[in-house]
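Protein chains in written order, with this note's numbering: chain X, 85 to 472; chain F, 85 to 472; chain L, 85 to 472; chain B, 85 to 472.
Quick reminder that beta carbons are idealized off the backbone N, C-alpha and C, glycines included.
There are 4 protein chains.
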Amino acid sequence: MNDIRLTPTREDKFAFGLWTIGHIGRDPFGDPTREPISPSDFVNGLDEVGAWGVSFHDDDLLPPGTSASERENIKKSFRKALDDTGIVVSMATTNLFTMPCFKDGAFTSNDPQVRKFAIQKVMNSIDVGAEFGAPTIVFWGGREGVEAAGSKYPLDALERYREAMNFLVGYVKDQGYRMKFAMEPKPNEPRGDTFLPTIGHTMAFIETLDDPSMVGLNPEVAHETMAGLSFYQGVAQAIWQKKLFHIDLNDQKIGRYDQDLRFGSEGIKDDFFLVRLLERTGYSGPKHFDSRPYRSEHGEGVWEFARNSMRNYLAFAAKAKAYDNDPKVKEAESLAGVDALANETIGKYSKALAEKLKAENFDYEQLAKRNYFNERLDQLAIDHIFGL
Amino acid sequence: MNDIRLTPTREDKFAFGLWTIGHIGRDPFGDPTREPISPSDFVNGLDEVGAWGVSFHDDDLLPPGTSASERENIKKSFRKALDDTGIVVSMATTNLFTMPCFKDGAFTSNDPQVRKFAIQKVMNSIDVGAEFGAPTIVFWGGREGVEAAGSKYPLDALERYREAMNFLVGYVKDQGYRMKFAMEPKPNEPRGDTFLPTIGHTMAFIETLDDPSMVGLNPEVAHETMAGLSFYQGVAQAIWQKKLFHIDLNDQKIGRYDQDLRFGSEGIKDDFFLVRLLERTGYSGPKHFDSRPYRSEHGEGVWEFARNSMRNYLAFAAKAKAYDNDPKVKEAESLAGVDALANETIGKYSKALAEKLKAENFDYEQLAKRNYFNERLDQLAIDHIFGL
Amino acid sequence: MNDIRLTPTREDKFAFGLWTIGHIGRDPFGDPTREPISPSDFVNGLDEVGAWGVSFHDDDLLPPGTSASERENIKKSFRKALDDTGIVVSMATTNLFTMPCFKDGAFTSNDPQVRKFAIQKVMNSIDVGAEFGAPTIVFWGGREGVEAAGSKYPLDALERYREAMNFLVGYVKDQGYRMKFAMEPKPNEPRGDTFLPTIGHTMAFIETLDDPSMVGLNPEVAHETMAGLSFYQGVAQAIWQKKLFHIDLNDQKIGRYDQDLRFGSEGIKDDFFLVRLLERTGYSGPKHFDSRPYRSEHGEGVWEFARNSMRNYLAFAAKAKAYDNDPKVKEAESLAGVDALANETIGKYSKALAEKLKAENFDYEQLAKRNYFNERLDQLAIDHIFGL
Amino acid sequence: MNDIRLTPTREDKFAFGLWTIGHIGRDPFGDPTREPISPSDFVNGLDEVGAWGVSFHDDDLLPPGTSASERENIKKSFRKALDDTGIVVSMATTNLFTMPCFKDGAFTSNDPQVRKFAIQKVMNSIDVGAEFGAPTIVFWGGREGVEAAGSKYPLDALERYREAMNFLVGYVKDQGYRMKFAMEPKPNEPRGDTFLPTIGHTMAFIETLDDPSMVGLNPEVAHETMAGLSFYQGVAQAIWQKKLFHIDLNDQKIGRYDQDLRFGSEGIKDDFFLVRLLERTGYSGPKHFDSRPYRSEHGEGVWEFARNSMRNYLAFAAKAKAYDNDPKVKEAESLAGVDALANETIGKYSKALAEKLKAENFDYEQLAKRNYFNERLDQLAIDHIFGL
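Okay, here's the thing in structure tokens:
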């Protein structure tokens with residue numbers, strides 16, 4: 085493993101949100117442990133560590149209540165930092181969760197005024213995103229859910245969710261913005277149960293929109309993992325359905341509060357297969373880290389965290405390549421029949437095929453005798469992860 | 085609560101699978117504790133407890149290796165029991181998991197012969213289902229998954245899964261059977277990670293089929309609950325997307341092995357809202373119990389279990405009705421704004437509406453002051469569950 | 085169920101912490117939704133809803149940085165409210181988690197100065213508790229844990245934890261305070277992995293202290309439930325080991341962030357058996373609610389939440405009594421052999437008994453035939469919960 | 085990493101149970117996929133792969149119903165295989181879960197005859213263990229639990245559990261066997277909720293026995309992990325309390341059915357720290373693998389699985405050594421203050437120390453400014469795991 089490249093280049097398209105490395109370290113039980121980082125300092129920091137893109141919530145860049153002139157100043161200095169460094173805005177998103185007015189939801193609040201305000205806030209956020217050339221608008225519906233199941237009839241909530249998404253697609257098209265939307269599922273937290281809790285539920289929902297082609301997914305490692313679902317398998321289905329528009333890389337233990345750990349630091353095997361999948365399918369969007377340093381870190385520690393997030397991705401990519409080139413892996417894959425799964429089983433239905441199939445005689449006891457050597461294949465993945 | 089009806093009628097459409105009440109009580113660590121019940125005894129038992137329908141896997145009715153004449157005898161006596169009792173066959177399904185040949189999957193086995201055998205087995209199973217008038221064929225892909233992530237490229241697996249489903253839809257149409265398919269998701273067990281792990285992933289997959297109208301869902305309480313997802317919310321989305329073709333009622337604790345507990349015995353609040361939803365939306369399919377008595381029960385104990393499964397459904401239905409008629413609930417719903425969520429937020433996109441919305445001025449601090457009284461509303465659900 | 089008492093009396097010993105009903109509704113993703121309630125208003129509110137006791141963290145009552153004279157004023161007005169209402173201080177505890185200096189732990193911080201400060205802070209907190217007559221000091225070691233496993237050698241951490249507990253027991257004895265300590269376990273959040281994560285780990289730790297008799301448990305529904313453990317069974321073991329010194333009642337779904345839901349609103353069956361156990365064993369400590377209203381509530385809503393927490397306890401207590409008096413329950417218990425488990429199996433070891441037992445011939449096939457009727461017994465619990 | 089030793093020697097003390105590699109591949113949904121391996125073939129297989137010890141349940145070696153003469157034959161050929169190979173019997177245990185008579189529990193069955201039979205069965209199992217020189221008897225109380233909470237009063241169950249353990253300790257002492265007992269906790273499966281669900285609960289229970297010194301723990305990776313608890317931290321507490329008598333190595337995802345995966349194949353980071361802990365504390369007992377090959381494997385595949393279980397342990401041990409010798413690790417540990425946690429905070433209580441501490445003035449804002457560099461330290465663990 086001597087020749088692994090562990091230092092990022094712009095071509096790697098690594099991106100970080102302002103709220104990630106810049107997280108001030110507040111948690112439900114503790115006060116902030118870090119000072120905020122200004123957007124322009126943040127961009128300069130990203131440049132130094134070799135990242136390529138930056139993303140933001142509307143309120144990260146332009147806090148609510150900022151005056152018009154302050155807004156211009158902030159945007160000017162942010163723009164300057166972007167220009168100076170070549171860092172691109174890889175995505176923009178809207179904060180529909182911090183303000184107390186969203187305590188009952190945003191697009192699905194029971195209060196019609198809140199719902200309208202939420203849509204307006206996204207329109208403004210889209211405008212800012214467009215101004216900075218963001219190609220993707222992410223939607224995380226963190227407050228779209230319930231603690232008290234009786235407080236929202238879920239069929240109504242889904243209607244309102246759809247209405248808002250359709251309206252906003254209409255707005256983007258009307259404005260002529262070259263943007264797409266990426267929805268980010270999460271099963272719970274901060275709400276007891278979130279609508280559209282997983283990659284699957286969200287993809288199914290998207291199919292009901294007026295223009296499904298405009299909307300895809302922004303899946304996040306931590307969010308699927310909270311529910312014990314394989315992020316790797318979920319992303320694979322999203323790719324298969326051509327809905328992987330953006331991705332949030334971080335890490336998480338199953339069945340816990342949202343941890344947003346450093347990518348590669350926890351679910352190591354699933355992460356390895358994820359990176360292999362992204363590389364293999366030629367995913368060309370941002371590799372966006374939605375994680376935050378432990379609360380114990382500040383100063384250089386948070387930038388080290390950023391470097392190591394990218395380092396782990398690159399390590400996995402190199403290991404995945406080595407795995408795929410390893411003759412022992414090829415042999416084990418062959419014994420497992422991995423490639424054979426790419427071949428059609430029988431093809432498109434016809435009466436003739438059906439009759440032929442029905443007449444076949446399968447020796448199912450013999451078929452049961454096959455040894456798939458999956459233990460061997462899995463260990464080879466471990467060996468490559470371990471660098472053995 | 086004096087006048088609650090707790091005894092089932094045929095109109096309730098309660099159904100049980102042969103493998104449920106009839107489960108012999110084997111578990112991964114213990115030998116069987118009960119004798120098998122013959123299909124015809126089973127039907128007679130269902131009749132006595134007031135059920136309406138019976139379902140079966142092909143192998144439950146006709147074990148592999150049964151000779152042609154035995155098959156006819158079994159079917160004849162099963163038919164007789166159905167005729168004698170008026171019990172209907174409410175669903176049929178295919179066992180693609182018990183035989184050792186399926187250890188690597190059925191539709192997604194890496195072995196092409198196993199894949200073909202699996203499709204053939206379903207065709208035969210469909211024929212038996214058709215013979216007994218089953219309106220729905222359930223697909224539980226219990227072995228479609230992996231322990232070793234490297235053993236199947238998931239995009240290939242999804243292709244093969246789709247190919248099989250398309251082929252079988254073709255078969256049903258070609259045969260002129262009046263049937264639909266219902267897919268049953270499960271996140272894991274017996275495989276480490278299952279393809280199509282949730283209601284959402286399965287609905288998204290169905291949209292990619294040649295004829296999505298032929299295929300819906302058979303969601304199961306235990307399966308969504310294992311992943312900590314709200315079954316109630318998931319079923320609501322399935323109804324909203326018109327995909328609730330069948331339902332499996334049982335119970336389960338989050339984050340555990342598949343428990344298949346008696347419906348109503350564990351996730352009481354979620355169950356209450358589920359029954360309310362089914363009743364409210366006029367779900368007219370079978371209420372099918374896919375559960376099994378504790379291993380400590382046999383004889384009359386297993387039939388008591390069946391009675392209590394139905395009893396709990398009826399109790400929830402009565403409580404849901406009382407809840408919906410309770411003026412205190414109506415008042416709390418009004419304070420929470422439940423009905424207001426049914427109203428359009430803004431409507432279909434138009435430039436004029438967008439401009440108008442952008443110009444609006446929202447007093448978000450004022451909007452934050454609203455008290456939604458969700459604690460009150462939730463407690464009223466508890467009160468009704470408690471019969472207070 | 086006509087004659088159930090659902091209104092609390094002082095004899096019920098219901099208590100609430102200042103931080104519970106008074107929680108301002110901040111969460112990791114949202115700003116506060118409620119105004120703080122002053123300690124004296126809080127006490128008056130408790131009086132109105134019929135509670136008996138109040139508890140506090142040192143910082144709830146006397147925020148860090150409060151001047152000496154302000155402290156006296158706060159204490160005076162708090163004392164007055166207590167005297168006016170008869171509300172007692174049922175417990176005091178120390179906040180060792182909010183201040184940023186505790187980001188690496190308190191008793192187990194790697195920084196020796198932080199460790200000393202933590203012990204000093206508890207001593208001061210104990211003094212305030214003593215001043216108000218608190219019979220119990222609770223210890224929640226929310227920050228005693230790690231995200232990075234390598235950051236603390238766990239054997240050292242446990243040594244430091246023990247050292248701190250021993251020192252503080254020494255302090256209480258030396259001061260002549262009539263107090264005991266109650267440790268509150270939690271598996272994770274806000275730290276990735278907490279030391280002493282469960283009731284069991286904490287009881288085992290207590291046995292290693294210099295004076296185990298001074299230290300017991302304050303188990304919390306939500307904390308055991310997060311890990312999917314039965315709170316009911318855990319509390320039973322604590323009672324069996326004479327370590328239930330205090331209890332925190334609330335509610336929670338398995339495998340989630342710390343929800344602190346209204347007691348009785350989620351894990352209904354486990355809650356029912358818990359209350360039955362507390363009543364049956366004559367638990368005489370405070371019934372302390374460590375929960376908080378949904379973020380959507382304020383004003384009268386939060387007091388309704390308090391009322392309903394107590395109401396649910398009382399409802400369970402009444403239902404438990406009815407269950408225990410129900411002849412059908414007695415019969416089912418008899419069939420299940422519940423009482424027979426109270427009888428000795430064989431008694432204390434002696435060679436004679438051992439020889440006699442070894443010579444016995446057990447017909448294990450016959451023993452397997454027993455029907456335990458657990459489904460019936462469990463359904464009777466459901467029936468009583470449902471008020472049927 | 086060129087010079088890592090990945091091939092086991094006898095000094096490594098790797099052991100496997102007859103039921104592990106020899107598992108026939110039955111699961112709750114599928115029939116067996118493998119032939120049984122005879123005990124003597126098993127021992128020879130272990131010898132070939134370089135293991136040191138073998139363990140067994142009474143019924144693995146001597147199935148129930150085996151005649152006296154058959155028993156002698158089995159034992160003779162097993163003894164021969166041990167003698168031929170030098171493989172030692174590292175542990176023996178009793179199957180108190182497979183027989184249907186144990187469906188309601190063994191030591192805690194409500195049926196007194198079952199309880200007596202269970203104790204007798206363990207006495208006989210201990211005799212066989214003694215005959216083969218097993219130094220440890222493991223107790224896994226897989227059936228000691230409930231699905232229906234009302235079916236056992238837990239205080240009675242704990243009494244009976246204690247009575248049985250005390251009796252059996254008495255038996256071992258009386259017989260003069262040089263053995264100790266190791267209890268193996270598990271939170272659930274096959275029972276809904278198990279008594280003594282975790283390392284902690286079991287250690288606490290042991291303290292209540294007549295002779296706690298005779299009884300320790302056999303913790304298992306999969307069992308603690310099912311509940312989302314850190315196995316590493318749990319084992320550390322067991323070591324700290326001198327109760328680590330035996331250990332079961334395997335792997336598992338959180339919140340799932342009991343997976344018994346190959347050690348090192350899933351929870352990689354926790355496994356790394358676990359092996360480091362075992363090596364560092366000089367754990368000298370067996371490294372016992374309680375895992376089983378995927379159902380897809382047979383023949384040479386199951387032995388490859390065994391080899392890779394040991395290989396992963398050795399890889400972790402080598403990586404742990406390299407980590408501990410790495411100057412970058414030492415530097416990061418120093419910045420994190422790892423060693424400083426080994427130093428006393430204040431020492432044993434005295435009035436003088438207390439007064440001095442109370443008088444100290446801590447600048448808690450300054451203390452909060454420390455950067456612990458835990459991200460760096462954690463990444464160094466990842467780097468060593470990755471072999472970078």
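Chain X within 9 Å of residue i, Cβ atoms only
i	result
serine 380 of chain L	yes
aspartate 258 of chain F	yes
Test: residue i CB closer than 9 Å to a CB of chain L
i	result
alanine 424 of chain B	yes
isoleucine 338 of chain F	yes
methionine 474 of chain B	Beyond the ends of chain B as shown, which are 85 and 472, falls residue 474 of chain B; an answer cannot be given.
Option in the options with minimal Cα separation from residue i
i	options	result
tyrosine 237 of chain X	F:Ala443, F:Pro370 and F:Phe357	F:Phe357
tyrosine 448 of chain L	B:Gly383, B:His107, B:Ala190 and B:Val413	B:Ala190
phenylalanine 446 of chain F	X:Met183, X:Asp167, X:Arg163 and X:Pro370	X:Met183
serine 235 of chain B	L:His468, L:Tyr433, L:Gly431 and L:Leu419	L:Leu419
alanine 202 of chain X	F:Asp467, F:Lys442 and F:Ile466	F:Lys442
glycine 217 of chain L	L:Arg199, L:Val172, L:Glu273 and L:Glu247	L:Val172
9 Å Cβ cutoff, residue i in contact with chain B
i	result
arginine 244 of chain L	yes
Limits of the unbroken alpha helix (DSSP H) element including residue i
i	result
aspartate 168 of chain X	152–169
threonine 286 of chain L	283–290
valine 422 of chain B	Valine 422 of chain B -> no alpha helix (DSSP H), and no H or E assigned at all.
Cα-Cα separation between residue i and residue j, rounded to whole angstroms
i	j	result
arginine 65 of chain B	phenylalanine 470 of chain X	The shown model of chain B, from 85 to 472, leaves out residue 65 of chain B, and the question about it has no answer.
glutamate 228 of chain L	phenylalanine 181 of chain L	9 Å
arginine 454 of chain L	proline 370 of chain F	34 Å
lysine 353 of chain X	lysine 353 of chain B	10 Å
phenylalanine 279 of chain B	glutamate 291 of chain B	16 Å
arginine 244 of chain B	glutamine 197 of chain B	13 Å
methionine 85 of chain B	alanine 404 of chain B	Here the model assigns methionine 85 of chain B a pLDDT of 49, short of 50, so the residue's position is not dependable, and the following value carries that caveat. So the two alpha carbons sit approximately 12 Å from each other.
proline 296 of chain X	asparagine 392 of chain X	36 Å
Endpoints, beta strand (DSSP E) assigned at residue i
i	result
glutamate 268 of chain F	264–268
aspartate 467 of chain L	Segment 458–470 is the alpha helix (DSSP H) holding aspartate 467 of chain L; no beta strand (DSSP E) there.
aspartate 332 of chain X	331–333
Short CB-CB distance (under 9 Å) between residue i and chain F
i	result
asparagine 396 of chain L	yes
phenylalanine 100 of chain B	no
With a cut-off of 8 Å, do at least 3 Cβ pairs link the region 300–320 of chain F to the region 331–340 of chain F? yes
Closer than 8 Å is the cut-off here; do at least three beta carbon pairs connect the region 113–124 of chain F with the region 431–450 of chain F? no
At a cut of 8 Å, does the region 94–110 of chain X reach the region 128–137 of chain X through at least three beta carbon pairs? yes
Measuring CB atoms only, is the region 455–465 of chain L touching the region 104–112 of chain B, in the sense that at least three cross pairs come out at less than 8 Å? no
Would you call the region 248–260 of chain L in contact with the region 203–210 of chain L, where contact means no fewer than 3 C-beta pairs closer than 8 Å? yes
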